[in-house]
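Chemist:
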Ligand code: SF4
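Residue numbers (the numbering used here), protein chains in the order written: chain A, 833 to 1018; chain B, -8 to 454.
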C-alpha cells in the first residue's frame, strides 16, 4: 500500500466523470427484456393466467424434450410456484427451478441471489426462472443500485444459456452451466 | 510466466513458417471477434461510453490508495480475507499457504490472466495438488501444456482437427467427433472435478471498492461453478482492477462484453461479496482476495505508461492488430501479448527484459480505436521506443530504420505502397527496396509470405 501511495503521489487526481448518460429507452421494459434475452439464446415462457401456476409449470416441464422427470427447486420458490414433480438433488435433476430477484432489460439478464441455492441455478441442464411481475428494470444500473443495500454473498447475472466457441470456433451450448435458460413471466 | 523475450523475431518466424495453421486460425478468429465488436459498439453511443470508461478508470488510478483501502475494509466487513502480494513469488506463497491451511487436495480454476502471470499452477502442483483449468479453451491448453495465446479465446490458434486428435488421445474419443461431442466429453471430466474440488481459484475483472464486489465475466458458467461449489474461493486480482461504485460496474460489465465479443453482457456474471452466510446459500465458507502488485506500482508511477493500467483485458486490441493476427500470442513470449502486451510488459518486467516488443507494431492505430478505455497504445509504444533508444537498447541500424519508418507511417499513401512492395518481395526484397529497414524489416514488419498486406487484412476485418 505504501508503494501505491508513492506511485500516485506525483500525479494530479482526476475527477470522476459521473454517471454514464444512457439514452432513455422508450420501449416497454418487459418487451425490451424479452428481445434481449431471446437474442442471446434465452427462452421466454408466459404462465397461463387461467391456471394455477404450479400446474402450468408441471405441464411445461413434462412437455420439454427430453421430458423433465426430477426437479431441483430453490428454497425461496413459493409452494404455489413449485411443480408437482419429484424433487431430486440438483446434480441429478432434469431442471432447476429458481426465483429471480429481478430481470434487466438493457442487458437481458436474470438477477439471481445466492440465497436461492447455487446448485439449483447451475447444475441441471435446464434452468427455469420465475420473474416476479413488477421487477423488470430498464437498466442494469438501476437494478444494481436497488439491490446494493441487501446484497447477498453472491449474485449471478444469467443472460442466456452456457456457451463456448473454444473448439473450432463453433458455438456449443450447455458446456458447464445450463444449456437452456427459460425466463417465466407471469 | 515469460519465456525469453529476446526471441520475438525468431519465434514469429518459427510460428509463421513452421505452423502455418496458426496464422490461419488466429486471423480468422480475430477478424470474427473484431467484426462482432464493431457491431456491439454500433448499438450504443460507443464514443461516449469509451470516454466515460476512460474517465472512471483514470479517476480510480489516481485515487488508487483510497479505493484499495475502501475495498479492503468492505471485503473484511463482508467476511472475506484480504491478502497483499508485492510480487509473483509472494502471491504464489499466499495461495499455496491457503491451500495448506484448508487441507486442499484438488483445485478448479476459472480462466485468469493474472494466475498465468504469477505462474500459479506449477506451484500448486509442486505441493501435490491437482489443478483443473475449467474454461474449455484453457482445459485444451492444459492437456497440451501450452500457455494461452489470446486473452479471451486462449485456444483460438487450435483447429477442430487438433482438438479431435487431442481428445482421441487423452479422453479416448473417436477421432471425428463434432464440437458438441468434444465439449460434452470435457464437460463430464470437469463436472467430476468441480464436485471433487476443495478450492476454486479465479481472477477478477473488477473489484468494486464501495461494496467489496469481485466481478467475473464469462460465457460458459465454469466461473460461476468455480466460485460456488468448492468450500474455499480464492480470487487473485491485480490492484488496477478497482472501480469505485456498483453503478460504475453496470457500465463496465456492458462495455467489456461489447468490446470483447459484441455481446450486451457476458452470459454469466458472478458478483462475489464474500463467503456464504445465509443458511440457504450453498456457496463457499471462506473467500480470500489476493491483491497483486507484481510491477503494477512501477507502471503506475511511470510518467506515461500508467495509462496502460486502465486495461480491461478485453482483447479488442489483439483482435484489431494486423501484427498479432499473423502469429497469435505465443510469439510475444509473455502472458500479455498483442498491442497491450507490448506496452504493459516493458512496464511490468522492465524495458530491457521486454525488448523488442515495443517495436512489434506498425503503429497503424487500430488498437487505440478499438480500446474501450482509449489507451493511446501507439503513443505509448513510441514512448517505450524512445526510452529504448536512450538506453541504447536498439542497434543503430534499427534506430535509423525506425526514423525512416516513422516518416513513412505518418504518410498513409506511401506506407501502403511500401507495405505492398514489401509483401511481394518478402523480407530481403523489402530490405533491398528500402535498405534502411534492413534486419528490422526482415524480422518484424514482414513476417509472412502473404501477398496481402497488413492494411489489406485490416480492411477485410472491418468490411
Ligand atoms: S488495451 Fe484496451 S483493447 Fe486492449 S485488452 Fe486492454 S482494454 Fe482491451
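Where is the CB? At the ideal position from N, CA and C, for every residue including glycine.
Assess contact between the region 257 to 275 of chain B and the region 982 to 1000 of chain A, defined as three or more Cβ pairs (one per stretch) separated by less than 8 Å. Is contact present?
Modeler: Touching, yes, given that three or more Cβ pairs across the two stretches are closer than 8 Å.
Chemist: State yes or no: is the beta carbon of residue 973(A) nearer than 7 Å to at least one beta carbon in chain B?
Modeler: Along the first chain, read from residue 1 onward, the residue named residue 973(A) stands at position 141. So, interface residue.
Chemist: In three-state DSSP terms, what is residue 50(B)?
Modeler: Reading the second chain from its first residue, position 59 is the one you call residue 50(B). Residue state, collapsed to three classes: helix.
Chemist: Consider the C-beta atom of residue 326(B) and the heavy atoms of the ligand SF4; say whether any pair is separated by less than 6 Å.
Modeler: Working through the second chain from its first residue, we reach residue 326(B) at position 335. For the ligand SF4, not one heavy atom lies less than 6 Å from the Cβ of residue 326(B).
Chemist: Using a Cβ-Cβ distance cut-off of 7 Å, determine whether residue 104(B) contacts chain A.
Modeler: Taking the first residue of the second chain as 1, we reach residue 104(B) at position 113. By this cut-off, residue 104(B) is not an interface position.
Chemist: Quick one: what's got a C-beta closer than 8 Å to residue 967(A)'s C-beta in the same chain, skipping five residues either side?
Modeler: Position 135 of the first chain, counting from 1, holds the residue named residue 967(A). Correct list, in chain order: 932, 933, 934, 935.
Chemist: Please go through the same chain and pick out, in chain order, the residues whose beta-carbon is closer than 6 Å to the beta-carbon of residue 425(B), but skip the five residues on each side of it.
Modeler: In the second chain, the residue the question calls residue 425(B) occupies position 434. Model confidence at residue 425(B) stands at a pLDDT of 36, short of 50, so the residue's coordinates are unreliable; what they give is reported in the following sentence. Contacts found: none.
Chemist: Quick test of the definition: if touching needs 3 or more C-beta pairs under 8 Å, does the region 117 to 132 of chain B touch the region 180 to 197 of chain B?
Modeler: Flag = yes, the region 117 to 132 of chain B and the region 180 to 197 of chain B touch.
Chemist: Grab the span of the alpha helix (DSSP H) containing residue 458(B) for me, first residue to last.
Modeler: With chain B covering only -8 through 454, there is no way to say anything about residue 458(B).
Chemist: Based on Cα-Cα distance, which residue from 228(B), 132(B), 242(B), 33(B) lies nearest to residue 976(A)?
Modeler: What you label residue 976(A) is simply residue 144 of the first chain in a count that begins at 1. Of 228(B), 132(B), 242(B), 33(B), the residue nearest in Cα terms is 242(B).
Chemist: Between which two residues does the beta strand (DSSP E) containing residue 878(A) stretch?
Modeler: Here residue 878(A) is taken as the residue at index 46 of the first chain, counted from 1. Element bounds for residue 878(A): 875 to 878.
Chemist: At a Cβ cut of 9 Å, what residues of the region 170 to 185 of chain B count as close to chain A, listed as they run along the chain?
Modeler: Under the 9 Å Cβ criterion, the region 170 to 185 of chain B contributes 170, 171, 173, 174, 175, 177, 178, 181, 182, 185.
Chemist: For residue 227(B), which of 282(B), 262(B), 190(B), 176(B) has the nearest alpha-carbon?
Modeler: For this step, residue 227(B) is matched to residue 236 along the second chain. Nearest C-alpha to residue 227(B): 282(B).
Chemist: Just to confirm, does residue 304(B) get its C-beta within under 6 Å of one of the non-hydrogen atoms of the ligand SF4?
Modeler: Taking the second chain and counting its residues from 1, one reaches residue 304(B) at position 313. Checking the Cβ of residue 304(B) against the ligand SF4 gives yes.
Chemist: Please report the residue range of the alpha helix (DSSP H) in which residue 871(A) lies.
Modeler: Taking the first chain and counting its residues from 1, one reaches residue 871(A) at position 39. Counting along the chain, the alpha helix (DSSP H) containing residue 871(A) begins and ends at 861 to 871.
Chemist: By the three-class DSSP mapping on this structure, what secondary structure does residue 332(B) have?
Modeler: Translated into the one-based positions of the second chain, residue 332(B) becomes position 341. Reduced to three states, the DSSP call for residue 332(B) is helix.
Chemist: Just confirm the distance between the C-beta atoms of residue 1009(A) and residue 211(B), as a whole number of angstroms; I'd bet it's less than 8 Å.
Modeler: Translated into the one-based positions of the first chain, residue 1009(A) becomes position 177. Translated into the one-based positions of the second chain, residue 211(B) becomes position 220. Right, their Cβ atoms sit about 7 Å apart.
Chemist: Any idea which residues DSSP pairs residue 1012(A) with across the strands?
Modeler: Locating residue 1012(A) in the first chain gives position 180, counting from the first residue. Per DSSP, 958(A).
Chemist: Let me check you understand the geometry: is the CB of residue 366(B) closer than 6 Å to at least one non-hydrogen atom of the ligand SF4?
Modeler: Residue mapping note: residue 366(B) aligns to position 375 of the second chain, counting from 1. Indeed, a heavy atom of the ligand SF4 lies less than 6 Å from the Cβ.
Chemist: Are the CB atoms of residue 274(B) and residue 328(B) nearer to each other than 7 Å?
Modeler: Locating residue 274(B) in the second chain gives position 283, counting from the first residue. Locating residue 328(B) in the second chain gives position 337, counting from the first residue. Result no, Cβ atoms of residue 274(B) and residue 328(B) do not sit closer than 7 Å.
Chemist: What residues in the region 205 to 235 of chain B have a beta carbon less than 8 Å from any beta carbon of chain A?
Modeler: So the close ones are 210, 211, 212, 213, 215, 216, 218, 219, 220, 230, 235.
Chemist: Of all the options 121(B), 266(B), 197(B), 263(B), which has the alpha carbon lying nearest to the alpha carbon of residue 455(B)?
Modeler: With chain B represented from -8 up to 454, any question about residue 455(B) goes unanswered, as that position is not in the structure.
Chemist: With DSSP as the reference, identify every bridge partner of residue 233(B), one or two as the case may be.
Modeler: Within the second chain, the letter at position 242 stands for residue 233(B). Answer by DSSP bridge pairing, in chain order: 198(B).
Chemist: Please report the distance separating the alpha-carbon of residue 963(A) from that of residue 202(B).
Modeler: Your numbering for residue 963(A) matches position 131 in the first chain. Your numbering for residue 202(B) matches position 211 in the second chain. About 25 Å.
Chemist: Which chain B residues sit within Cβ distance under 7 Å of residue 868(A)?
Modeler: Here residue 868(A) is taken as the residue at index 36 of the first chain, counted from 1. Those are 255, listed as they occur along chain B.
Chemist: Scan the region 876 to 904 of chain A and note each continuous beta strand (DSSP E) run of 3 residues or more that stays entirely inside, going in chain order.
Modeler: DSSP runs (the beta strand (DSSP E)) wholly in the region 876 to 904 of chain A: none.
Chemist: Leaving out five residues on either side along the sequence, give the residues of the same chain with a beta carbon under 8 Å from the beta carbon of residue 91(B).
Modeler: Locating residue 91(B) in the second chain gives position 100, where the first residue counts as 1. Hits under 8 Å: 118.
Chemist: Report the residue from 354(B), 344(B), 345(B), 338(B) whose alpha carbon sits nearest the alpha carbon of residue 314(B).
Modeler: On the second chain, position 323 is the one that residue 314(B) refers to. Comparing Cα positions, the closest option is 354(B).
Chemist: Does the ligand SF4 have a heavy atom nearer than 6 Å to the CB of residue 455(B)?
Modeler: It is not possible to answer for residue 455(B), since the shown part of chain B is limited to -8 through 454.
Chemist: Quick one: which residues of the region 973 to 994 of chain A get their C-beta closer than 9 Å to a C-beta of chain B? List them in chain order.
Modeler: Cβ contacts with chain B: 973, 974, 975, 976, 977, 979, 980, 983, 984, 985, 986, 987, 988, 989, 990, 991, 992, 993, 994.
Chemist: Residue 911(A): buried (16+ other C-beta within 10 angstroms of its C-beta) or exposed?
Modeler: By 1-based counting over the first chain, the position of residue 911(A) is 79. Residue 911(A) should be labelled exposed.
Chemist: Determine, using beta carbons only, whether residue 984(A) and residue 956(A) come nearer to each other than 7 Å.
Modeler: Against the first chain, residue 984(A) aligns to sequence position 152. Against the first chain, residue 956(A) aligns to sequence position 124. No, they are not a contact pair.
Chemist: Identify the contact partners of residue 954(A) in chain B, using a Cβ-Cβ distance below 7 Å as the criterion.
Modeler: Here residue 954(A) refers to the residue found at position 122 of the first chain. Per Cβ cutoff of 7 Å: 212, 215, 216, 219.
Chemist: Give me, in chain order, the residues of the same chain whose beta-carbon lies closer than 6 Å to that of residue 13(B); leave out the 5 immediate sequence neighbours on both sides.
Modeler: Taking the first residue of the second chain as position 1, residue 13(B) is located at position 22. Result list for residue 13(B): 6, 148, 319, in chain order.
Chemist: What's the C-alpha gap between residue 871(A) and residue 864(A)?
Modeler: Locating residue 871(A) in the first chain gives position 39, counting from the first residue. Locating residue 864(A) in the first chain gives position 32, counting from the first residue. If I take the Cα positions, the gap works out to 11 Å.
Chemist: State the DSSP-derived secondary structure class of residue 345(B), mapped to helix, strand or coil.
Modeler: Residue mapping note: residue 345(B) aligns to position 354 of the second chain, counting from 1. Reduced to three states, the DSSP call for residue 345(B) is helix.
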